[in-house]
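Numbering (the numbering used here), first residue to last: 5 to 253.
See the structure below:
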């Protein structure tokens, strides 16, 4: 808590400046509502229960998309790292698929999968796939050559070398990719709801925009930020425990 005190003080100063600017600067609440109005709106949304179903939808889309994207990205990274010829063949196509803006693919996903959670989950999974694949490839490729030679001399099979040497050595890089994927998963879920979602925090932002409720939009921004930071810290906690366990092993 002591280490985070400067950040907390900076936040309080920024909020006080924001409040003063809105109240005494003649700024319209429609353009920029004061923090007090935003917090009041957020409290009303929480107390009324309107927020919770949308939060649950976004969290579910984020979790499913992250899980699918991370598993496919990890598996693809392992496969391409273990089969260099396949990597040379497929990696340009994987990269090309990531260069297409996911927002542009949204209308196609709605046509293919319909409205609802499925298109958002697919967008989220596609966004989360690449960081895990790239960090897995990088981590497995940077394993110490002397250790690989030692495993070869001891007669370890390819699978044993992968499970007992390469993956444990690449875990710090892979977990860093997972932290990036968590942030991108929330972005993907909200963007997916912008396109075709009927519920969720992103759809709520679009609904608030349609009635020009700036306070509600900022309140939803706070919820999205809090959700992202909570999940990011959860992944960091898992990372510390996993790396500590493997370092002891």
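Ideal Cβ placement from N, Cα and C applies to all residues, glycine included.
For clarity, every value in this text was computed on a predicted model and none was experimentally measured.
Close Cβ partners of residue i (< 6 Å) along its chain, the five nearest in sequence each way excluded
i           : result
residue 218 : 34, 37
residue 143 : 174, 177, 178
residue 206 : 194, 197, 198
residue 72  : 129
residue 165 : 155
residue 68  : 125
Residue i: first and last residue of the uninterrupted alpha helix (DSSP H) it sits in
i           : result
residue 212 : 205-214
residue 153 : 149-157
residue 92  : 88-103
residue 117 : 106-117
residue 202 : Counting along the chain, residue 202 falls outside any alpha helix (DSSP H), and DSSP gives it neither H nor E.
residue 162 : 162-165
residue 136 : 121-145
residue 10  : 9-28
residue 3   : What is shown of the chain runs 5 to 253, which leaves residue 3 out entirely.
Rounded Cβ spacing between residue i and residue j (contact assumed at less than 8 Å)
i           : j           : result
residue 76  : residue 133 : 6 Å
residue 49  : residue 55  : 4 Å
residue 99  : residue 90  : That pair is no contact at about 14 Å.
residue 156 : residue 169 : About 10 Å; that fails the 8 Å criterion.
residue 125 : residue 106 : Not quite, the Cβ-Cβ distance comes to about 12 Å (not below 8 Å), so this is no contact.
residue 119 : residue 245 : So it is not a contact: roughly 39 Å between Cβ atoms.
residue 39  : residue 23  : 5 Å
residue 110 : residue 200 : 6 Å
Neighbourhood of residue i by C-beta, 7 Å cutoff - its chain only, sequence neighbours within 5 removed
i           : result
residue 18  : none
residue 188 : 131, 132, 135
residue 41  : 33, 219
residue 221 : 209, 212, 213
Separation of residue j from residue i, as counted between CA atoms
i           : j           : result
residue 28  : residue 20  : 12 Å
residue 53  : residue 197 : 20 Å
residue 25  : residue 16  : 14 Å
residue 51  : residue 230 : 17 Å
residue 45  : residue 214 : 17 Å
residue 87  : residue 145 : 12 Å
residue 249 : residue 108 : 42 Å
residue 242 : residue 74  : 15 Å
residue 115 : residue 239 : 34 Å
residue 103 : residue 30  : 44 Å
residue 225 : residue 182 : 23 Å
residue 95  : residue 137 : 10 Å
residue 167 : residue 161 : 10 Å
residue 236 : residue 184 : 9 Å
residue 233 : residue 190 : 10 Å
residue 216 : residue 121 : 25 Å
residue 82  : residue 172 : 13 Å
residue 63  : residue 148 : 39 Å
residue 140 : residue 78  : 6 Å
residue 93  : residue 247 : 33 Å
residue 153 : residue 70  : 35 Å
residue 9   : residue 112 : 47 Å
residue 97  : residue 80  : 13 Å
Proximity test, residue i beta-carbon vs the ligand FAD heavy atom, cut-off 7 Å
i          : result
residue 58 : Ligands in the displayed structure: none, and consequently the ligand FAD is not present.
Own chain residues within Cβ distance below 8 Å of residue i, not counting five before or after
i           : result
residue 227 : 46, 55, 59, 205
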